[in-house]
Amino acid sequence: MSALGDIIASMIAEDGPISLEQYMALALGDPRHGYYMTRDPLGAKGDFITAPEISQMFGELIGVWCADYWTRMGEPARVHLVELGPGRGTLMRDALRAARVLPACVNALDVHLVDTSPVLRDSQRATLASAGVAISWHASFDEVPPGPLIVIANEFFDALPARHYVRTRDGWRGRVVGLTRDGRLGFGAGPDVEPTLRVEAPDGAIIEINPIAQRVMGAIAARIEAHGGAVLAIDYGYVTTSLGETLQAMRGHAYVNPLDEPGEADLTTHVDFAALGRAARAAGAATFGPVTQGQLLERLGIFDRARSLARGADAPRIRAIESELKRLIATNDGISPVHGKVSGMGGLFKALAVTQTGGPIPAGFEEGASAP
Ligand code: SAH
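Each residue of the sequence shown is one higher than the last, beginning at 1 in this note's numbering.
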C-alpha cells in the first residue's frame with residue numbers, strides 16, 4: 001500500500017471505518033500525501049489528460065465565450081474572471097490570448113484562480129507569468145471578492161469528494177472504507193440508516209451524491225444572482241440523477257482500484273449535472289443545458305478555428321489539429337497519437353451554464369440541447 005494507505009489503515013484500526021467522502025478528501029487533499037498536493041498529474045507522463053492540454057482550441061473558444069458574455073452583460077468596468085481548479089493554467093492562458101480580440105474586456109478582468117495544489121499553483125504562475133493581467137490565488141471560491149463574475153470550471157467538480165449510500169435490508173446506509181480481515185482497505189456499509197433516503201432499490205444498490213459539489217455550485221450561483229455574471233462548468237457526467245456509482249481511480253492513463261494506493265491515483269466521480277443545476281436554481285439563478293462538449297464547441301466555432309490554425313501549417317501539424325479536433329468533439333472512439341485508442345470527449349463531457357435570472361443567455365446555449 002502507499003504511505004497514505006498505511007496512515008488511513010491505522011486511522012481506521014484506531015477509530016473505525018471512515019466515509020467514502022472522508023476517504024476521497026484524504027486521498028486527494030491530505031496536506032502531506034494527498035494526490036493533488038504532491039504532483040502535477042496532467043499530461044502524457046502523468047495520469048490523465050484534459051481538453052485544454054489536448055488542444056489550444058479549447059481554451060481559446062472558452063476565452064471567446066467569456067469575452068462575449070462580458071459584452072452581453074453590458075461591458076462592466078470590472079469583472080472577476082474566476083477559474084476553479086485551473087491545472088497548469090493552460091486554459092486560462094489560451095483564453096486570455098483569445099479574449100485579446102476585445103482589449104477592453106481583458107483590461108476589465110481581475111483573474112482569480114481557485115486551487116488547493118501547491119505544485120499546480122507554481123505551474124499556473126509560470127504559465128501565466130506574461131499574461132498581462134492581475135491574478136490572485138485562493139484556496140476556495142468563498143475567498144473571491146464580491147462583484148460581477150464569470151466562472152470557468154473544467155474537470156473541477158469531478159475531483160470533489162462524493163458520498164455513497166448502499167441499500168441494505170432496513171434502508172440506505174452510508175458507504176464506508178474499513179479494513180478487511182487481511183488488513184487491506186475495503187468497502188462496507190456504515191452503522192446508521194439514512195432516514196431521508198426513501199428510494200426503492202434492490203439490496204446492494206448504490207446511490208452517489210456530491211454534497212460538496214452542490215454546495216460550491218450553490219455558493220457561486222448565489223453570487224451570480226446577486227452581482228451578475230455566468231458560470232461555465234464542463235466535465236464528464238450525466239444529465240439525469242440515477243442509481244449507481246461512478247467512482248474511478250486513474251494512474252498512468254489506466255484504471256486502478258480506488259482503494260489500492262490512496263494518494264497515488266486520481267480519484268473522481270462523474271458529475272451529476274441534474275444535481276448541479278438544481279443547486280444553482282435553488283440559489284435563485286437560471287441554468288442552461290447541459291449540452292454536450294461537442295455541441296458547445298461546434299456552436300462556438302471550433303471548425304472555423306481549426307481551419308484557420310491549419311491554414312499555412314505543414315502536413316504533420318494539420319494531422320495533429322485534425323486529431324485534436326476529433327478528440328474534443330467526437331462522440332465515439334477516436335485515436336490519440338499519444339495514448340492509442342481513446343474515447344472522444346464530445347459526448348461523455350457536458351457543459352452547464354448558470355446565469356443571473358433574466359440575465360443574458362450565454363453563447364452556445366441559445367438552442368438548448370439537441371440529441372447527441
Ligand atoms: N482544469 C484543469 C485541471 C483539471 S484537474 C484542466 O482542465 O486541465 C483538477 C484541478 O482541480 C487541479 O488543478 C486540482 O489541483 C484542482 N482541485 C482539486 N480539488 C480541489 C479543491 N477541493 N479545491 C480547489 N481546487 C481543487
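Beta carbons: idealized from backbone N, C-alpha and C, even for Gly.
Everything numeric in this text was worked out from a predicted model, so none of it was measured.
Suppose contacts are defined by Cβ-Cβ distances below 8 angstroms. Is residue i in contact with residue j by that definition?
i	j	result
Met37	Pro118	yes
Phe349	Gly289	no
Met92	Ile302	no
Gly277	Thr287	yes
Leu259	Val177	yes
Ala9	Leu185	yes
Val101	Val231	no
Arg175	Phe187	yes
Gly34	Leu42	no
Arg299	Asp47	no
Gly147	Arg78	yes
Ile224	Ala285	yes
Leu84	Ala153	yes
Asp279	Met217	It is worth fixing the name first, because residue 279 is Ala in this sequence and not Asp. Taking 8 angstroms as the Cβ cut-off, Ala279 and Met217 qualify as a contacting pair.
Counting C-beta neighbours from all protein chains within 10 Å, is the total for residue i 16 or more, i.e. buried, or is it exposed?
i	result
Arg163	buried
Ser123	buried
Pro337	Here the model assigns Pro337 a pLDDT of 40, short of 50, so the residue's position is not dependable, and the following value carries that caveat. Exposed, by the Cβ-count rule.
Glu367	exposed
Asp142	exposed
Thr432	Residue 432 is absent from the structure shown; the chain starts at 1 and stops at 372.
Thr127	buried
Glu14	exposed
Thr180	exposed
Asp182	exposed
Leu247	buried
Asp6	exposed
Ile335	Its pLDDT being 44, under 50, Ile335 is placed unreliably in this model, and the coordinates cannot settle the point.
Ser55	buried
Output the distance between the C-alpha atoms of residue i and residue j, rounded to the nearest integer angstrom.
i	j	result
Val166	Pro17	15 angstroms
Ala274	Thr241	6 angstroms
Leu81	Arg327	27 angstroms
Thr357	Pro191	42 angstroms
Asn210	Val133	34 angstroms
Gly344	Ala222	34 angstroms
Ile62	Gly89	13 angstroms
Met59	Glu75	Checking the displayed sequence, the identity of residue 59 turns out to be Gly instead of Met. Roughly 21 angstroms separates the two Cα atoms.
Leu4	Phe157	23 angstroms
Ile12	Leu352	38 angstroms
Leu120	Trp172	38 angstroms
Thr50	Asp203	36 angstroms
Ile206	Leu243	6 angstroms
Asp304	Trp65	15 angstroms
Leu149	Met1	43 angstroms
Ala98	Val199	47 angstroms
Gln22	Arg39	21 angstroms
Is residue i near ligand 1, in the sense that its beta carbon is under 7 angstroms from a heavy atom of that ligand?
i	result
Thr269	no
Val114	yes
Pro31	no
Ser130	no
Asn210	no
Pro52	yes
Ala249	no
Ala159	yes
Gly218	no
Tyr36	yes
Asn154	yes
Pro86	yes
Ser10	no
Ser117	yes
Any heavy atom of ligand 2 within a distance shorter than 7 angstroms of the CB on residue i?
i	result
Ala27	No copy of ligand 2 appears in this structure; the ligands present are ligand 1.
- On the three-pair Cβ rule with 8 angstroms, is the region 246-266 touching the region 308-328? These segments do not touch.
- Query: Does the pairing of the region 258-274 with the region 63-76 give three or more beta-carbon distances under 8 angstroms?
  - Reply: Between the region 258-274 and the region 63-76 there are fewer than three C-beta pairs closer than 8 angstroms, too few to call the two in contact.
- Query: Contact between the region 95-111 and the region 134-141: three or more CB pairs below 8 angstroms?
  - Reply: Per the Cβ contact rule, the region 95-111 is in contact with the region 134-141 (3 or more Cβ pairs under 8 angstroms).
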